[in-house]
């Protein structure tokens, strides 16, 4: 069983930065994609960014140039560095681990609130 635990959310002023972390534990397949999704109040969950075990990344257009995803395979940890935050980035951010056609796991979410 794989578990994901996020940390790093909080309250920040517009223009500020936050760094989210997500640690995976359990029987983790070596080939996987880890990523971050977010869900704002009244909206559907949406992709923010993903990273493969080899380091290939994919970003949603609305975060390109502001957010950076990275991972440390030795620590089974994925990070999301968020810069130039704006109130529209306010959401619950969820960590995700996926093995195509085999496994998908979600974390419990961490709240990010950006004040104007």
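In the numbering used here, the protein residues as written are 1 to 116.
Beta carbons: idealized from backbone N, C-alpha and C, even for Gly.
Remember, it's a predicted structure, so these values are computed and weren't measured experimentally.
Own chain, CB closer than 6 Å to residue 60, minus 5 neighbours either side, in chain order
Here residue 60 refers to the residue found at position 60 when the chain shown is read from its first residue. Closer than 6 Å at the Cβ level, and outside the excluded window around residue 60, lie 47, 48.
With burial defined as no fewer than 16 other Cβ atoms inside 10 Å of the residue's Cβ, what is the status of residue 27: buried or exposed?
Against the chain shown, residue 27 aligns to sequence position 27. With fewer than 16 other Cβ atoms within 10 Å, it is exposed.
Bounding residues of the beta strand (DSSP E) (the contiguous stretch that carries residue 19)
The residue labelled residue 19 in the question sits at position 19 within the chain shown. That run of the beta strand (DSSP E) goes 18 to 26.
With DSSP run on the structure shown, which of helix, strand or coil describes residue 49?
As a first step, residue 49 is located in the chain shown; it is residue number 49 there, counting from the start. In this structure, residue 49 counts as strand in the three-state DSSP scheme.
Environment of residue 67 [buried if 16+ CB atoms lie within 10 Å]
Taking the chain shown and counting its residues from 1, one reaches residue 67 at position 67. Counting the other Cβ atoms within 10 Å of the Cβ of residue 67 gives 16 or more, which makes it buried.
If I measure Cβ to Cβ from residue 111 and keep anything under 7 Å in the same chain, skipping five residues before and after, which residues do I get?
As a working mapping, residue 111 is identified with position 111 in the chain shown. Around residue 111, the same chain offers 9, 92 as residues with beta carbons nearer than 7 Å, after the five sequence neighbours per side are excluded.
Might you give, ordered along the chain, the residues of its own chain that have their beta carbon closer than 6 Å to the beta carbon of residue 118, omitting 5 neighbours on each side?
Examination of residue 118 is not possible in this model, given that the chain is present from 1 through 116 alone.
Reference residue 2; option with closest CA among 72, 55, 24
In the chain shown, residue 2 corresponds to position 2, counting from 1. The option with the nearest alpha carbon to residue 2 is 24.
By DSSP, does residue 91 sit in helix, in strand, or in coil?
By 1-based counting over the chain shown, the position of residue 91 is 91. Strand at residue 91.
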